[in-house]
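Residue numbers (this note's numbering): 589 to 851.
Even for Gly, the Cβ is constructed at its ideal location relative to N, Cα and C.
Okay, structure first, notes after.
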C-alpha cells in the first residue's frame with residue numbers, strides 16, 4: 589500500500605512570480621505530472637503581487653487547460669483575510685488565525701465564492717475543486733460550496749480522502765516532498781517564494797518515479813474503507829507534534845531568558 593503523491597501550486601495570479609511558475613510547470617511537464625493550480629479569481633492581496641500583471645494570464649491558463657497539462661482549483665476569491673478565525677482545521681494543526689471566509693455569514697460567503705466562480709467560468713476555466721486561502725474554512729463554507737456545485741476540497745489532515753458535508757476531501761499534509769509509508773499525500777507548493785533547495789527536492793522526487801497521481805485520480809478512488817482508522821491516527825500525530833513543538837519553543841525561550849538574566 590505504497591503512498592501516492594499529488595502536487596498542488598497555490599497563489600496563481602496574473603501578478604505572480606512568472607519565472608518560478610514556468611520553472612515548475614516545465615519540470616512537471618518533463619515528467620508527465622499534472623499539478624493542481626490554485627487560481628485566485630480576483631487577486632487583491634498585495635503580498636501575492638510579485639511582478640506586473642500579465643494581460644495574457646487567462647489565455648495562458650486556458651492553453652494549459654486545453655493541453656491537459658494541469659488541473660484547476662478555485663483558490664478563494666480575492667485572497668484577502670477578513671477574520672481571525674482558523675476554521676475547521678484550527679491552530680492545533682499549526683495554521684494561522686486568518687481567513688477570507690471562516691466566521692462570515694452564509695450570504696456573504698455565498699456572494700464571494702459565487703463571484704469568484706463566475707470570473708473563472710467567464711474566462712473558460714471550469715472546476716469543482718475548492719482550495720481555501722490559509723487552509724481556513726468553516727461548516728458554512730462547506731454548505732456554500734455544495735450549494736454552488738463544488739465536489740471536492742484539497743485540504744485536511746488525513747491519510748486518505750474522506751467525506752464531509754457531501755464533499756470529498758483529498759488531504760494536504762506536506763509542503764515539500766516527504767516519505768509517507770501509505771496514503772494519498774498532497775504536497776503544497778508556494779512557487780512565488782520557492783527556494784532553489786525546494787525546486788531540487790521536487791526534481792529529485794519526480795526523478796525517483798514515486799507514485800505521483802493527479803487530483804482527479806484521487807477523487808476517482810474516493811474514500812477508503814479503512815481510511816477513517818488511519819486518518820484519526822495521523823490527526824493525533826499532527827496534534828502531538830504541534831504540542832511538542834510549542835513545548836520545545838517554551839523551553840528554548842526560558843533558557844534564553846535565564847541566560848540573559850546572568851549578565
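Query	Result
According to DSSP, is residue 690 helix, strand or coil?	coil
Give the straight-line distance between the Cα atoms of residue 728 and residue 697, rounded to the nearest whole angstrom.	8 Å
Between the region 706–720 and the region 649–663, are three or more C-beta pairs nearer than 8 Å?	yes
How far does the beta strand (DSSP E) with residue 754 in it extend, from its first residue to its last?	Per DSSP, residue 754 belongs to no beta strand (DSSP E) and is neither H nor E.
What are the uninterrupted segments assigned as beta strand (DSSP E) that are 3 or more residues long and contained completely in the region 625–672, given in chain order?	659–663
Return the bridge partner residues of residue 594 from the DSSP annotation.	774
First and last residue of the beta strand (DSSP E) that includes residue 718?	717–719
Need the endpoints of the beta strand (DSSP E) that residue 779 sits in, please.	Here residue 779 belongs to no beta strand (DSSP E), and DSSP marks it neither H nor E.
Reducing DSSP to helix, strand and coil, say where residue 621 ends up.	coil
Residues in the same chain with beta-carbon distance under 7 Å from residue 644, minus the five sequence neighbours each way, listed in chain order, please.	none
According to the neighbour-count rule (16 or more other Cβ atoms, all chains shown, within 10 Å of its Cβ), is residue 622 buried or exposed?	buried
Assign residue 726 to buried or exposed, taking buried as 16 or more other Cβ atoms, counted over all protein chains shown, within 10 Å of its Cβ.	buried
Contact between the region 638–656 and the region 729–741: three or more CB pairs below 8 Å?	no
Please look up how many angstroms separate the CB atoms of residue 773 and residue 593, rounded, as I've assumed it's under 8 Å.	5 Å
Count the other CB atoms, across all protein chains shown, that sit within 10 Å of the CB of residue 894; report buried if there are 16 or more and exposed otherwise.	One cannot answer for residue 894 here, as it falls past the ends of the chain, which runs 589 to 851.
In this structure, how does DSSP classify residue 801 when only helix, strand and coil are distinguished?	coil
Between the Cα of residue 785 and the Cα atoms of 763, 767, 630, which residue gives the shortest distance?	763
Quick one: what's got a C-beta closer than 7 Å to residue 608's C-beta in the same chain, skipping five residues either side?	779, 780, 782
At the level of alpha carbons, what is the spacing between residue 627 and residue 793?	24 Å
So for residue 600, helix, strand or coil by DSSP?	strand
Use the C-beta contact count for residue 632: other C-beta atoms within 10 angstroms, 16 or more gives buried, fewer gives exposed.	exposed
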